[in-house]
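> Below is a structure I'd like to ask you about.
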Amino acid sequence: MTVQDSSPADTSGATVAEEATSRKKGKPALSEGKKAERKLGLWLCAPAFFVMIAVTGYPIVYSIWLSLQRYDLRFPAQQEFVGFDNYGAVLTNSYWWTAFGTTMFLTVVSVAIEFVLGMALALVMHRTLVGRGLVRTVALIPYGIVTVVAAFSWYYAWTPKTGYLANWLAADAAPLTDQWPSMFIIIGAEVWKTTPFMALLLMAGLALVPDDLLKAAAMDGASAWQRFTKVMLPVMKPAILVALLFRTLDAFRIFDNIYVLTGGAQDTGSVSMQTYDNLVKGLNLGIGSTMAVLIFITVAIIAFIFIKVFGTAAPGSDDGGKR
Amino acid sequence: MGKRIGAGKRGRSPGRTAVLLGAGALVTGMLAGCGSGGGLKINVYYAPEDSFQKVVDNCNQAAGGRYEIVYNKLQRGSDDQRLQMARRLAAGDTAMDVLGLDVTWVSEFAEAGWIDEWKDQNKAAASEGVLDGPLETATYNGKLYAAPKNTNIQLLWYDDRITPTPPKTWDEMIQKSKELKAQGKPYSIVFTGAQYEGLVVFYNTLVESMGGHILSDDGKSVVMDDGAVKALALLKQITASGITDPSLTNSKEDDVRQTFQRGDAAFELNWPFVYASYAKDKASDVQHMKWAVYPEAQAGTPAKTTIGGYDLAISSLSAHKPEAYEAALCLRSAENQKFSAINDGVPPTIESVYHNDTPLDPSKPAGDDNPNMAIKYPMRDSILDALKDAAVRPLTPAYQNMSTVMSKVLSPPAEIDPKATADKLREQLNDALQSKGVIP
Amino acid sequence: MVMGTVTTGRKVRWGLVDILVLVFALVPVLWVVSLSFKTKDTLTDGSFIPQSWTWQNYADIFQTSEFLLALVNSIGIAIISTVIAVVLGTMAAYAIARLEFPGKQLLVGLSLLIAMFPQVSLVTPLFNIERNLGLFDTWPGLILPYITFALPLSIYTLSAFFREIPWELEKAAKMDGATPAQAFRKVIAPLAAPGVFTTAILVFIFCWNDFLFAISLTSTTASRTVPAALSFFTGSSQFEDPTGQVSAAAVVITIPIIVFVLFFQRRIVAGLTSGAVKG
Chain A
1213 MTVQDSSPAD TSGATVAEEA TSRKKGKPAL SEGKKAERKL GLWLCAPAFF VMIAVTGYPI
1273 VYSIWLSLQR YDLRFPAQQE FVGFDNYGAV LTNSYWWTAF GTTMFLTVVS VAIEFVLGMA
1333 LALVMHRTLV GRGLVRTVAL IPYGIVTVVA AFSWYYAWTP KTGYLANWLA ADAAPLTDQW
1393 PSMFIIIGAE VWKTTPFMAL LLMAGLALVP DDLLKAAAMD GASAWQRFTK VMLPVMKPAI
1453 LVALLFRTLD AFRIFDNIYV LTGGAQDTGS VSMQTYDNLV KGLNLGIGST MAVLIFITVA
1513 IIAFIFIKVF GTAAPGSDDG GKR
Chain B
25 MGKRIGAGKR GRSPGRTAVL LGAGALVTGM LAGCGSGGGL KINVYYAPED SFQKVVDNCN
85 QAAGGRYEIV YNKLQRGSDD QRLQMARRLA AGDTAMDVLG LDVTWVSEFA EAGWIDEWKD
145 QNKAAASEGV LDGPLETATY NGKLYAAPKN TNIQLLWYDD RITPTPPKTW DEMIQKSKEL
205 KAQGKPYSIV FTGAQYEGLV VFYNTLVESM GGHILSDDGK SVVMDDGAVK ALALLKQITA
265 SGITDPSLTN SKEDDVRQTF QRGDAAFELN WPFVYASYAK DKASDVQHMK WAVYPEAQAG
325 TPAKTTIGGY DLAISSLSAH KPEAYEAALC LRSAENQKFS AINDGVPPTI ESVYHNDTPL
385 DPSKPAGDDN PNMAIKYPMR DSILDALKDA AVRPLTPAYQ NMSTVMSKVL SPPAEIDPKA
445 TADKLREQLN DALQSKGVIP
Chain C
965 MVMGTVTTGR KVRWGLVDIL VLVFALVPVL WVVSLSFKTK DTLTDGSFIP QSWTWQNYAD
1025 IFQTSEFLLA LVNSIGIAII STVIAVVLGT MAAYAIARLE FPGKQLLVGL SLLIAMFPQV
1085 SLVTPLFNIE RNLGLFDTWP GLILPYITFA LPLSIYTLSA FFREIPWELE KAAKMDGATP
1145 AQAFRKVIAP LAAPGVFTTA ILVFIFCWND FLFAISLTST TASRTVPAAL SFFTGSSQFE
1205 DPTGQVSAAA VVITIPIIVF VLFFQRRIVA GLTSGAVKG
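What follows is the structure, encoded as structure tokens:
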């Protein structure tokens, strides 16, 4: 339905774009077609742009402003502008750096595993010869389960005597009370829950790989691995970027899983949990917002690196695709 | 060409969007429309409690139509409850009248100016016959800020098939536990050892039982005296001697209950709710589940046990304060406290309720289907004894900060080094009290 | 299929791989299902299959209208948000992938920025705004933030797909005598469909599972969604978690997700090959 909806615009857009490409590089004054293209582009983007600005503009600016204040909700009289003092306080605090290290570790390891598993899962969902609908639907269920409930089920599974996993795999030990075992359980829960997200995006990317291209490669004697790396991966690059980018952004803000599984004990707490403790439990809006801004900056750096690495595969990059 | 199509697009999709939004708004309007009648409403914000609506109905009847109390159920998680109320109060919400506060929030809400002081006859009515400990939780800087609704206190639970008599002191209990372990019987001592408020409650009990203090009496400075350091040593001794459950550092109230109920522990330190669950799930064994007050930390001096519970406060932004006071007083009246105690298992704050043997339906004899306090609270004498030696958690507006810091520094308890940990606590609690610096 | 012929051996191999995937995905889910059928006293007995079965947890959650109302809210809010987010996202993504216009970088950067900012710090200001505008505790009060936070993902996903679509096929189709509408319906729509439906599924699940906004921007059953409603369930006392009921509710609310995915996954198939168009 949504696709039908945008039909006329798409059709014309294609034509406009073709005109644009045919005129390539030449930079005379804006032609009629160019102007029309600009206008259409702006109109198409306007609704999304205004919704996003209307809802988040003020809250984001307000958070940044709060991060420059001493502001504890319970001591409203003490509110004052303190410049970057809050940043100094957070960045010199050892708890923050411990949580930061933990979060980084969890992010890198879980996203790496998710990518490999997600790619495998995507290939299976895309190519399997039997029960494709079943596999696709079932594989997505973990992503559809409410995170808190999923985390609770893992908590129960790994608690000695009450859980099947603890009873089978770690009799008489309580893995969730040791740092490294709990880290890996957290990663396990996270990977299980979000691999389908990765797989779904990658599968949609796979759907764009033209079959005849693969056939041609096979006829040229390319091995399966070569076909994967030389034919499929390049076409999937934009999809891979989106999948990795959004998973990393989310993984870095991990909260529910840890909150339920260990409550942040044994240095398994993430930066989001620390933000929660300061902002929500501590009602310290100044420090809490500072942490939020720092998380934001970190994530922005990660995103920037991703986009640089992927270069022109990034959405909106000047070279609008290779076709 | 693009222009023409662009115009067509403009006319189409946003229109549809508006229709959808409009439809959404319409549905919401209709939903919001029902249920709003005339009359004065008193909004009560309180934690979920199964039979509390019944108490509200009782009080509405008593109000005789002058006002209607509306029970706005808050979430189960206490952080969520507090956040919900704090966020509304900070935003100047005038639609909140009566607030159900956990005993550790009263100072904080009072300091922020969110709740009113109880004075004169309201104060007299709210404190009449109330046990000292619960009353202290509702007091800040010598002023009463809430009416104690229900209290809670931990007891020592044991199985008389394993230990016929309860240990009197911690030393005795640790000794006994080691013997049981050597005999291959269930031996462990279980309590809330996870990194959260429960660990702080446990530590606070040990400190107070040692005669120590974490904060000064006015709650403004950190003391961490000798008793507090001894309590650290005891906490370490308990957790480092191999007599606790392997999942101690991930155990909260319900995990502790389950461990004991499964028969995997010899001693359980927990709130009285564990009795009702045991009676329901293992009715045939319940006659062996016994209780006693907490063991003594210093032989000869009764333990002082940390209390919990809820207090009812009046929002300072309430537009109907006289009615709000009246409603709050009704919701925690002796009769309604008894009702809640029997139906929802929340121990009363008014002493006389413990001795009241009239069943729920006074016209019929007491029995399992018409329970009274004696049937539902066979341990009521122990509760009362413990309440008379109650320990209140430090009364400071920065309690939440303190609690987060303490649970972090005390975790895992087996790795405590009394001197060093005490120094660490002193330093970090100081910052936490002034809400400076970072909470872990 | 793509390469080689479909032999029984290949089918069996794929069957085994499928089973592996099913086990990976389903075992923890079955554990939740199992928890939902356990009686209260066997809840923590550690056995994977309930020793004694009960429907009590399901009966409990439907005892009052609260859960049902929350279910209605969840379905309505998630569907409306998904439709709007996908439509707006498609428009913007098309422009980003295909058109040259000023401010493109700004939009791409802005949407990523929104996706990156920790939501927990945005909730309180949003709460204040919505209260002042009368949007607090209404459907639009949740739909608007959902659209906003789903848009970045929609825009990125869709523009990634749109740029990979071989748009020149459309021209080829028109040369073969198809009208623009036909060319779009027969050529472009099928190619765009995987991206669009993938986005729809992801957005729907995002709206469906959101807890933070649902709990902060609602206060009554007028707009409370299921994940928020779960946090109002009570155990038999303050300290007992209603694990059985929460598991039962989790099972119930996973069903619409399955239906939704079942309905849309078949649209995510390999796009038409250029060969098919020519032929």
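Going down the list, the sequences are from chains A, B and C. For what it's worth, my numbering labels the leading residue of the first sequence as 1213, then goes sequentially. For what it's worth, my numbering labels the leading residue of the second sequence as 25, then goes sequentially. For what it's worth, my numbering labels the leading residue of the third sequence as 965, then goes sequentially. C-beta atoms are modelled at their ideal positions from N, C-alpha and C, and glycine is treated no differently.
My guess is that I139 of chain B and S201 of chain B are in contact by the Cβ rule of under 8 Å, so how many angstroms apart are they, rounded?
No, I139 of chain B and S201 of chain B are not in contact; Cβ-Cβ is about 44 Å, not under 8 Å.
> Which of the residues in the stretch 282-299 of chain B, read from start to end, lie with their CB under 7 Å from any CB of chain D?
Judged by its chain identifiers, the structure shown contains no chain D, and its protein chains are A, B and C.
> Consult DSSP for Y1274 of chain A and reduce its assignment to one of helix, strand or coil.
In this structure, Y1274 of chain A counts as helix in the three-state DSSP scheme.
> Could you list which residues in chain C have their beta carbon closer than 7 Å to that of K1493 of chain A, in chain order?
Here the premise fails: no neighbours, minimum Cβ distance about 11 Å.
> Identify which residue in B:T330, B:S308, B:V253 has its Cα closest to the Cα of L434 of chain B.
For L434 of chain B, the nearest C-alpha among the options comes from B:V253.
> What residues in the stretch 1344-1369 of chain A have a beta carbon less than 9 Å from any beta carbon of chain C?
So the list reads R1344, G1345, L1346, V1347, R1348, T1349, V1350, A1351, L1352, I1353, P1354, Y1355, G1356, I1357, V1358, T1359, V1360, V1361, A1362, F1364, S1365, W1366, Y1368, A1369, given in the order they occur along the chain.
> How many whole angstroms separate the CB atoms of F1026 of chain C and A1193 of chain C, which I take to be in contact at a CB cut-off of 8 Å?
About 12 Å; that fails the 8 Å criterion.
> For the stretch 1239-1259 of chain A, list every residue whose C-beta sits within 9 Å of some C-beta in chain C, in sequence order.
Listed by position along the chain: K1246, E1249, R1250, K1251, L1252, G1253, L1254, W1255, L1256, C1257, A1258, P1259.
> Give me the chain A residues within the contact set of P1082 of chain C, using Cβ-Cβ distance strictly less than 7 Å, ordered along the chain.
Under the 7 Å cutoff, chain A gives R1465, S1484, T1487, A1504, I1507, F1508.
> For a contact defined as C-beta to C-beta under 7 Å, what are the partners of A87 of chain B on chain C?
In chain order: nothing, as chain C lies at least about 22 Å away.
> If you measure beta-carbon to beta-carbon, which residues of the stretch 1424-1452 of chain A are closer than 8 Å to chain C?
Result list: D1424, L1426, K1427, A1430, V1447, P1450, A1451.
> Looking at K1002 of chain C and P1014 of chain C, is the spacing between their C-beta atoms short of 8 Å?
It is a contact, given that the beta carbons lie within the stated cut-off.
> Can you list, in chain order, the residues of its chain with a C-beta nearer than 6 Å to that of S131 of chain B? Leave out the 5 residues immediately preceding and following it.
Closer than 6 Å at the Cβ level, and outside the excluded window around S131 of chain B, lie Y164, L419, T420, P421.
> Applying a beta-carbon distance threshold of less than 8 Å, which residues of chain A neighbour P1191 of chain C?
By Cβ distance, chain A contributes V1358, V1360.
> Name the chain A residues that come within less than 8 Å of Q424 of chain B, Cβ to Cβ?
Going along chain A in sequence order, the residues near Q424 of chain B (Cβ under 8 Å) are K1493, G1494, L1495.
> Ends of the beta strand (DSSP E) at F24 of chain B?
Any answer about residue 24 of chain B is impossible in this case: the structure gives chain B only from 25 up to 464.
> Just the chain A side, please: which residues come within less than 7 Å of Q219 of chain B by C-beta, in chain order?
Those are G1475, G1476, A1477, listed as they occur along chain A.
> When the Cα of D368 of chain B is compared with those of B:S376, B:F76, B:L64, which residue comes out closest?
The shortest Cα separation from D368 of chain B among B:S376, B:F76, B:L64 belongs to B:F76.
> With a CB to CB cut of under 8 Å and the five nearest residues on each side skipped, what residues in its chain are close to A351 of chain B?
Here the set comprises I66, V68, C83, A87, Y91, I93, D121, V122.
> Considering only their Cβ atoms, is the gap separating A150 of chain B from L168 of chain B smaller than 8 Å?
A contact, by the Cβ cut-off of 8 Å.
> Under three-state DSSP, which class holds S998 of chain C?
Helix at S998 of chain C.
> Mind reading off the beta-carbon distance from G153 of chain B to I374 of chain B? Whole number of angstroms is fine, and I expect it under 8 Å.
Right, the Cβ-Cβ distance comes to about 5 Å (below 8 Å), so this counts as a contact.
> Between B:K388, B:D335, B:R286, which has its C-alpha nearest M313 of chain B's C-alpha?
Nearest C-alpha to M313 of chain B: B:R286.
> Beta carbon of T1460 of chain A, beta carbon of Q1229 of chain C: below 8 Å?
Taking 8 Å as the Cβ cut-off, T1460 of chain A and Q1229 of chain C do not qualify as a contacting pair.
> Output yes if chain C places a C-beta closer than 8 Å to the C-beta of W1404 of chain A; else output no.
Yes, W1404 of chain A lies at the interface with chain C (some Cβ there is under 8 Å from its Cβ).
> Going by alpha carbons, who is nearest to S1123 of chain C out of A:G1330, A:G1269, A:A1416, A:G1400?
Among A:G1330, A:G1269, A:A1416, A:G1400, the Cα nearest to that of S1123 of chain C belongs to A:A1416.
> Hey, M1485 of chain A and G1476 of chain A are a contact pair by Cβ (cut 8 Å); roughly how many whole angstroms apart?
That belief holds up - the Cβ atoms of M1485 of chain A and G1476 of chain A are roughly 5 Å apart, short of 8 Å.
> Check whether the Cβ atoms of W1131 of chain C and V1342 of chain A lie closer than 8 Å to each other.
The answer is no: Cβ separation not under 8 Å.
> State yes or no: is the C-beta of K1253 of chain A within less than 8 Å of the C-beta of F1012 of chain C?
Per the sequence shown, the amino acid found at residue 1253 of chain A is Gly instead of Lys. No, Cβ-Cβ distance for G1253 of chain A and F1012 of chain C is not below 8 Å.
> With 8 Å as the threshold, decide whether the Cβ of I66 of chain B is near any Cβ in chain A.
False, the Cβ-Cβ gap to chain A never drops below 8 Å.
> Can you pull the DSSP bridge partners for F1091 of chain C?
According to DSSP, which records beta bridges pairwise, F1091 of chain C is partnered with nothing at all.
> At 7 Å on the CB atoms, spell out the chain A contacts of T1162 of chain C, in chain order.
Within 7 Å Cβ-Cβ: L1412, L1413, A1416.
> Which of the three DSSP states is assigned to Q1281 of chain A in this structure?
Q1281 of chain A: strand per DSSP, three-state reduction.
> Please return the same chain residues whose Cβ sits closer than 8 Å to the Cβ of G235 of chain B, not counting the five positions on each side in sequence.
Cβ within range, chain order: G251, Q322, T325.
> Take L1285 of chain A and list the residues in its own chain whose beta-carbon comes closer than 7 Å to its own, dropping the five residues that flank it on each side.
The answer, listed in chain order, is L1495, L1497.
> Quick check: the Cα distance between A1145 of chain C and A1504 of chain A, rounded to an integer number of angstroms?
Cα to Cα, the separation comes out at about 48 Å.
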